[in-house]
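Below you'll find the structure, written out as structure tokens, and then a few comments.
Residue numbers (our numbering): 71 to 452.
Written out as structure tokens, the structure is:
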């Protein structure tokens with residue numbers, strides 16, 4: 071694993087997303103020290119882990135979820151942080167609404183007490199998840215010490231075939247490098263396949279960087295990025311927009327930039343990927359069969375495969391396309407954007423859910439659910 075050398079760099083944190091699970095101890099730490107939040111309006115607070123998926127419903131009274139929501143509301147009132155409540159027309163999963171609101175910006179440093187904060191790297195932001203004590207540090211100082219990461223370039227070229235999505239791309243990468251393959255690296259995604267991706271697809275790509283072992287995944291901002299951000303409630307406007315564009319266009323890596331590691335994948339012949347085991351690295355094309363443990367390269371891999379197949383109740387040699395599906399879920403911070411729901415609708419159109427299969431769809435925000443339009447300014451949290 072690449073190691074850090076020299077003193078830890080001190081980063082200024084431009085944006086901080088606060089949610090109910092990782093923030094209570096951070097707020098308590100501020101209270102014990104008698105400290106205040108240094109820049110309240112550089113934060114957005116939103117409950118998203120403990121809220122019910124039923125519109126308008128609340129967690130059971132006295133439950134842990136209800137307590138978490140109450141504590142977040144009390145803390146944001148005490149410290150004066152912008153808050154988007156569960157019944158707000160802008161509400162949603164923190165990694166969905168950050169981009170929807172225009173809170174996520176190219177060239178910014180963005181953190182959140184959640185590992186999938188790498189999602190925001192799709193906009194050319196330096197975005198990563200942090201722990202509870204780090205949340206306290208960011209709120210008190212707006213700064214954070216971090217080890218320097220080594221740069222990795224993942225070149226994705228070619229054209230995705232019908233039925234193949236960005237999630238298949240990232241799973242193929244994880245299958246290639248393993249769940250620890252990105253450890254100690256910040257990954258930049260580039261190439262013709264990335265340039266052709268929508269912002270929603272880029273967000274999924276960067277979101278699952280954490281499953282590859284890296285805390286940071288990013289895509290250089292381009293015209294696709296700018297078109298997505300223009301007109302968002304918190305995006306710059308007028309002369310500020312033009313000034314921002316000029317700066318954002320300077321952010322992509324220089325031609326000939328040096329990377330500690332480069333991986334190239336041609337996505338043209340990529341088939342849909344299926345995980346057969348207990349980690350994202352246990353994946354194979356849908357056209358393949360459940361692997362035989364004895365075919366693995368090392369004793370550790372053989373033992374892992376044996377345990378995984380036993381847990382999954384799968385027999386080696388079974389064609390993956392013949393494995394029965396029990397549940398279908400469209401949602402989460404990885405794939406609950408409107409584009410994801412539309413892809414699911416294309417598959418489901420004219421069909422019914424098979425007997426014995428449970429299907430659940432959870433839109434990632436009120437906007438995705440059709441409750442509001444992001445172009446309406448509305449009450450701004452900043």
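Even for Gly, the Cβ is constructed at its ideal location relative to N, Cα and C.
Quick check on this structure: which residue in 336, 326, 328 has the alpha carbon closest to the alpha carbon of residue 262? Residue 262 sits at position 192 when you count from the first residue of the chain shown. Ranking 336, 326, 328 by Cα distance to residue 262 puts 336 first.
Applying the criterion that 16 or more other CB atoms from any shown protein chain within 10 Å of the CB defines a buried residue, is residue 205 buried or exposed? Reading the chain shown from its first residue, position 135 is the one you call residue 205. Residue 205 comes out buried.
With a Cβ-Cβ cutoff of 8 Å, do residue 166 and residue 438 count as a contact? On the chain shown, residue 166 is found 96 positions in, with the first residue counted as 1. On the chain shown, residue 438 is found 368 positions in, with the first residue counted as 1. A contact, by the Cβ cut-off of 8 Å.
Give a yes or no on contact between the stretch 325-341 and the stretch 213-229, applying the rule of three or more CB pairs nearer than 8 Å. In short, these stretches touch, since the Cβ pair count reaches three.
Please report how far the alpha carbon of residue 202 lies from the alpha carbon of residue 413, in whole angstroms. Sequence index remark: in the chain shown, residue 202 carries index 132 (1-based). Sequence index remark: in the chain shown, residue 413 carries index 343 (1-based). Those two C-alpha atoms are separated by around 36 Å.
Tell me which residue opens and which closes the alpha helix (DSSP H) that residue 355 is part of. Numbered from 1 along the chain shown, position 285 holds the residue referred to as residue 355. For residue 355, no alpha helix (DSSP H) segment is defined; the enclosing uninterrupted segment is the beta strand (DSSP E) at 353-355.
Check whether the stretch 253-271 and the stretch 288-302 touch, using three or more Cβ-Cβ pairs below 8 Å as the test. By the criterion of at least three beta-carbon pairs nearer than 8 Å, the stretch 253-271 is in contact with the stretch 288-302.
Whole angstroms are fine: how far does the CA of residue 315 sit from the CA of residue 426? On the chain shown, position 356 is the one that residue 426 refers to. On the chain shown, position 245 is the one that residue 315 refers to. Linking residue 426 to residue 315 through their CA atoms gives a straight-line distance of about 51 Å.
Using the Cα positions of residue 367 and residue 235, report the straight-line distance between them to the nearest angstrom. Taking the chain shown and counting its residues from 1, the one referred to as residue 367 is at position 297. Taking the chain shown and counting its residues from 1, the one referred to as residue 235 is at position 165. Rounded to the nearest angstrom, the two C-alpha atoms are 29 Å apart.
For a test of the three-state rule: what should DSSP assign to residue 221, helix, strand or coil? Here residue 221 is taken as the residue at index 151 of the chain shown, counted from 1. In this structure, residue 221 counts as strand in the three-state DSSP scheme.
Under 8 Å between the Cβ atoms of residue 149 and residue 107? For the purposes of this step, residue 149 is taken as residue 79 along the chain shown, with counting starting at 1. For the purposes of this step, residue 107 is taken as residue 37 along the chain shown, with counting starting at 1. Note that the C-beta distance between residue 149 and residue 107 is below 8 Å.
Would you mind stating whether residue 340 and residue 242 have Cβ atoms separated by less than 8 Å? On the chain shown, residue 340 is found 270 positions in, with the first residue counted as 1. On the chain shown, residue 242 is found 172 positions in, with the first residue counted as 1. Yes, the pair counts as a contact, with Cβ atoms nearer than the cut-off.
Residue ranges of each alpha helix (DSSP H) within the stretch 81-154, 4 or longer: Here the runs fully enclosed are 94-103, 134-149.
Quick check on the DSSP output: what are the complete beta strand (DSSP E) runs of length 3 or more inside the stretch 172-204, in order along the chain? For the stretch 172-204, the continuous beta strand (DSSP E) assignments of 3+ residues that do not extend past its boundaries occur at 179-182, 196-199, in sequence order.
Report yes if the C-beta distance between residue 152 and residue 124 is below 8 Å; otherwise report no. Translated into positions along the chain shown, residue 152 becomes position 82. Translated into positions along the chain shown, residue 124 becomes position 54. No, the pair does not count as a contact, with Cβ atoms beyond the cut-off.
Close-in-space but distant-in-sequence residues of the same chain around residue 90 (CB under 8 Å, 5 per side omitted): Along the chain shown, one-based indexing puts residue 90 at 20. 117, 118, 119, 120, 138, 139, 141, 142, listed in sequence order.
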